[in-house]
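Same order as they appear, the protein sequences are chains A, B and C.
With my numbering, the residue at position 151 of the first sequence is 792, and numbering never jumps.
With my numbering, the residue at position 109 of the second sequence is 750, and numbering never jumps.
With my numbering, the residue at position 164 of the third sequence is 805, and numbering never jumps.
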Amino acid sequence: MRHEDRFGPDVKIEDDVTIGEYTIIHPGTRIGRGSRIGAFCELGVVTDSATQKGLRIGPNALIRSHSVFYEGSTFGPNLRTGHRVTVRENTIAGDTLQIGTLSDIQGHCKIGDHVRLHSNVHIGQAATIGDFVFIFPYVVLTNDAAPPSDRLEGVTIGRYAVVATMSTILPGVTVGEGALVGAMTLVRENVSADTICVGVPGKMIGATSRITLKHNGQPAYPWRRHFHRGYPESMVAEWKREFAE
Amino acid sequence: MRHEDRFGPDVKIEDDVTIGEYTIIHPGTRIGRGSRIGAFCELGVVTDSATQKGLRIGPNALIRSHSVFYEGSTFGPNLRTGHRVTVRENTIAGDTLQIGTLSDIQGHCKIGDHVRLHSNVHIGQAATIGDFVFIFPYVVLTNDAAPPSDRLEGVTIGRYAVVATMSTILPGVTVGEGALVGAMTLVRENVSADTICVGVPGKMIGATSRITLKHNGQPAYPWRRHFHRGYPESMVAEWKREFAE
Amino acid sequence: MRHEDRFGPDVKIEDDVTIGEYTIIHPGTRIGRGSRIGAFCELGVVTDSATQKGLRIGPNALIRSHSVFYEGSTFGPNLRTGHRVTVRENTIAGDTLQIGTLSDIQGHCKIGDHVRLHSNVHIGQAATIGDFVFIFPYVVLTNDAAPPSDRLEGVTIGRYAVVATMSTILPGVTVGEGALVGAMTLVRENVSADTICVGVPGKMIGATSRITLKHNGQPAYPWRRHFHRGYPESMVAEWKREFAE
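Structure follows, in C-alpha cells:
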C-alpha cells in the first residue's frame with residue numbers, strides 16, 4: 642500500500658521511507674527521506690485540533706518500535722531512537738540526536754546538535770541542552786523548585802558536558818561546558834565548566850583534566866580528544882587538529 | 642464497528658467512549674461514559690480465569706497509548722494516564738488519579754482522591770497513598786525489608802504529602818501528612834507531618850513552612866495555598882478560604 | 642491461522658505455543674514448547690541481515706505484552722517477563738530467568754540460572770550475573786569508567802547476591818557471592834562475599850549474617866534459608882538440608 646493511501650493526504654512522507662506494521666501517523670506529520678520507522682509507533686499525536694502544529698522528522702531518521710511523538714516538534718537529520726521513546730510537543734532538536742530506549746522528553750525544550758541521550762533519561766520541560774552533550778541512563782532534569790508550583794525553571798546543560806547514570810539536576814541549575822556530573826549525583830548548584838561534580842548533595846571536586854584513561858594514561862576529558870565513534874569524519878579531523886601536540 | 646461487536650458482550654462500554662486502534666479489551670472490563678482510550682492498550686488482563694474479577698474504569702477517563710491494566714482494579718472518575726502505564730490487579734483508586742508515562746503500579750494497593758503520580762513512578766504492592774499526594778519522577782515505594790522475603794510491608798503516604806524526584810521510600814515507612822521528601826532522598830524512618838526530609842539516608846531538617854516561593858516570598862507549603870491547577874473550582878474556593886488572612 | 646502461515650517458514654514454533662495479537666516475529670526465531678507470548682511484541686529483531694543469528698526462547702516461556710527481543714540471544718526454559726521488556730542481541734541466559742516490566746538488557750552479557758530481575762532494571766553491556774541473583778527496581782549496572790569512552794568494563798554480580806532498589810554499580814566492579822547492596826547505594830569498589838554495602842559512596846558495613854527477619858528473629862541471609870517461592874522442590878529440599886540444625 643502506498644503511504645498516502647495508508648495515512649491520508651495530510652501526512653507527507655518523502656522517498657525511501659519504511660514504516661513498520663501497525664504504526665499510526667496523524668495528520669500534519671512530515672517524515673524526511675530515507676527514514677525508517679518501527680512498528681507500533683504513534684507519530685504526530687494531536688493535543689490541540691484547533692491549531693495543527695505538525696511534527697517534522699528530518700531525513701535519515703531511525704525511530705524504533707513503540708515510540709510516541711507529539712505534534713509541534715522538529716528534529717534535524719539523523720534522529721535515532723531506541724524503543725518506547727516519548728517526545729511531547731514543542732521539542733526543538735538539532736542534527737543527529739540520539740534518544741535511548743524508554744527516554745521521555747517532556748517537551749517545550751531545546752536540544753542542540755549531536756546530543757546523545759542514553760536509555761531511560763527524563764528531560765523535564767524548559768530544559769536547554771547544548772551541542773555534543775551526553776546524558777546517561779536514569780538521569781532526570783527537573784524544573785519545579787517548590788513542587789508542586791506553577792513556576793518552571795529549566796535546567797541548562799552546556800555543550801560537551803556529560804551527566805552520568807542516575808543523577809538528578811535540580812531546577813534552574815546550569816551544568817557548564819565540558820563539565821562531568823558523576824553517577825548518582827544530586828546537582829543543586831551550578832557546575833563550573835570543565836569541572837567534576839559528585840555526591841549527594843553534589844560538590845565540585847576538581848577539574849575534569851585530572852581524569853585519565855586507565856588503559857593508556859592519556860587525559861579522558863575533553864572526551865573529544867579520544868572518543869570519535871559515530872561522528873562525521875570532518876568533525877573528527879577538526880577535533881584531532883585541536884588536540885594535536 | 643460497534644464496541645460490542647469489536648470486544649464481545651462481556652465488555653461494558655458506556656456512551657461517548659472512544660477506543661484507539663489495535664487496543665485489546667478483555668471480558669469483565671467496564672469503561673465509564675465519556676472516556677478516551679488510546680491505541681495499543683490492553684485492558685482487563687486476566688490472571689485467574691476461574692474468578693472473573695473485572696476491571697472498572699470510571700467515567701471521563703483518559704488512558705494514553707500502550708498502557709496495560711489488569712483485572713481486579715477499580716478507578717473513580719477522571720482517571721488520566723500517560724503512555725505505557727502498567728497497573729496490576731487489585732489497585733483501588735479514588736477520583737481524578739493521574740498516572741504519568743511509564744509509571745508502574747504493582748497492585749494490591751489503595752490510592753486516594755486527586756493523587757498525582759508523575760512519569761516513571763513505581764508503586765510497590767501494599768502501598769497506601771492518601772488524598773492529594775504528589776509523587777514525582779523515578780520515585781520508588783518499596784515493600785520488602787529483607788529482600789527477598791515473603792513479608793511485605795507497604796509504604797504509607799499521608800495526604801497532601803510530596804515526594805520529589807528519584808527518592809526511594811523503604812518498607813513500612815509512613816510519610817506524614819503534608820511532608821516534603823526532597824529529591825534523591827532515601828527515606829528509612831517515618832517522616833513527621835509538615836516536615837522536610839532530605840539526604841541519603843534521609844534526615845528531617847525542619848518544617849515545610851520555612852520554604853518560600855522565590856518569585857513572591859510567600860510560603861510554598863501547604864502547597865494548596867497557591868497551587869490550584871486542575872482542581873475543581875469548589876475545592877479551590879475552599880482552599881482559598883482556608884488560607885485567607 | 643497456523644503459526645507458519647502467520648510468521649513464515651523461517652520461524653520455528655514448537656507445540657502448544659500461544660502468541661498474542663499483533664505480535665511480530667522475525668525470521669530465525671525459535672520458540673520452545675508450551676510458551677505464551679503476549680500482544681504487541683516484536684521478537685527476533687534483525688540488526689545484521691547478512692548473518693542471521695536467530696533468537697532462541699526455551700520452552701515454557703511467558704513473555705508479556707509490548708516486549709522486544711533482538712536476534713542473537715538464547716534463553717533457557719521458563720523465561721518469564723513483565724511488559725515492555727527490551728533485550729538486545731547476544732544475551733546468553735540460563736534457566737528460569739525473570740525480567741520485570743520495563744527492564745532493559747543491553748545485550749552482550751551472560752546471565753546464570755534462576756536470576757530474578759525486578760521492574761525497570763538496566764543491565765549494561767558486558768555484565769556477568771551469577772546464578773540466583775536478585776536485582777530490584779531501578780538498579781543500573783554500568784560499564785564505562787570514563788564516559789564516553791570505547792572501553793567497556795562490565796559489572797560482575799556473584800551468585801545469591803542481592804542488589805536493592807535504585808542502586809548503581811560502577812564499571813568493572815564485582816559484587817561478591819551472597820553480598821547485599823542496600824537501596825540507593827553507589828557501588829564504586831568490589832563488595833566482599835556475604836557483606837553489606839550501603840551509602841553514596843557505598844561502604845561495606847558488616848556481614849549479611851547480622852541481619853535478622855523482624856517477625857521471627859531468624860537470620861535473613863543467606864536468603865535461601867527462608868525464601869523458597871517459585872523454586873523447584875528438589876532445590877528447596879537441598880537448601881533446607883544445607884541449613885538444617
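All residues carry an ideal CB built from backbone N, CA and C; glycine is no exception.
- When DSSP reads this structure, C:A786 sits in no beta bridge, so it has no partner.
- Here the alpha carbon of C:F868 sits roughly 46 Å from the alpha carbon of B:H644.
- For A:E683, the enclosing beta strand (DSSP E) begins and ends at E683 to V686.
- Nearest CB-CB separation between B:N701 and chain A: not below the 8 Å threshold.
- For C:A805, a Cβ of chain B is located within less than 8 Å of the residue's own Cβ.
- Below 8 Å, too few C-beta pairs join the region 835-853 of chain A and the region 780-798 of chain A to call them touching: fewer than three.
- When C-beta atoms of the region 823-838 of chain C are compared with those of the region 802-810 of chain C, three or more pairs fall below 8 Å, so the two segments count as touching.
- B:H724 has its alpha-carbon roughly 6 Å from the corresponding atom of B:H707.
- With respect to the 8 Å criterion, C:A768 and C:V796 are classified as neighbours on the basis of their beta carbons.
- Residue range E874 to E883 is occupied by the alpha helix (DSSP H) that includes A:M876, with no beta strand (DSSP E) assigned at that position.
- Under the Cβ distance rule, A:T742 counts among the residues neighbouring chain C, one pair being separated by less than 8 Å.
- Around the beta carbon of C:E712, a 10 Å sphere encloses 16 or more other beta carbons of the protein chains shown; the residue is thus reported as buried.
- Annotated three-state conformation of B:T806 is coil, per DSSP.
- For B:R671, DSSP records a beta bridge to B:K653 and B:R697.
- Residues V816, A820, L821, V822, G823, T826, V828, V832, K844, M845 and I846 of the same chain have their beta carbon placed closer than 8 Å to that of B:C838, with the five preceding and five following residues left out of the count.
- Residue environment for B:N761: buried (at least 16 other C-beta atoms within 10 angstroms of its C-beta).
- DSSP places A:F868 in no alpha helix (DSSP H); its state is neither H nor E.
- Three or more beta-carbon pairs separated by less than 8 Å are not found between the region 648-662 of chain C and the region 871-885 of chain B, which leaves the two stretches without contact.
- In this structure, A:F681 lies away from B:F648, with their beta-carbon atoms at least 8 Å apart.
- Within the model, the alpha-carbon separation for B:R705 versus C:I852 is close to 43 Å.
- When the alpha-carbon of A:A861 is set against those of C:F777, C:P788 and C:G771, the nearest one is in C:P788.
- B:V781 belongs to the set of residues whose beta carbon lies under 8 Å from a beta carbon in chain C.
- Assignment of B:F648 by DSSP, reduced to helix, strand and coil, places it in the helix class.
- Contact with chain B is absent for A:A691, since none of that chain's Cβ atoms lies less than 8 Å from the residue's Cβ.
- Nearest CB-CB separation between A:A786 and chain B: below the 8 Å threshold.
- When the beta-carbon positions are compared, A:A734 and A:V774 stay at least 8 Å from each other.
- For C:D651, the nearest beta carbon of chain A is not closer than 8 Å to its own beta carbon.
- Its chain contains R677 and R721 as the residues whose beta carbon lies nearer than 6 Å to that of B:L703, once the 5 sequence neighbours on both sides are disregarded; these appear in chain order.
- For A:K694, none of the residues of chain C pass the 7 Å Cβ criterion, the least Cβ distance being about 28 Å.
- Between the region 741-756 of chain C and the region 688-703 of chain C there are fewer than three C-beta pairs closer than 8 Å, too few to call the two in contact.
- With a beta-carbon spacing of about 6 Å, B:G685 and B:I666 fall inside the 8 Å limit used to define contacts.
- Chain C has no Cβ within less than 8 Å of the Cβ of A:F710.
- Residue state for C:R705 is assigned as coil, using DSSP reduced to three classes.
- The three-state reading of DSSP puts B:R792 in coil, since its state is none of H, G, I, E or B.
- According to the DSSP assignment, B:K844 belongs to the beta strand (DSSP E) that extends over K844 to A848.
- Taking the Cβ atoms as the reference, A:Y663 lies roughly 6 Å from B:Y663, within the contact range of under 8 Å.
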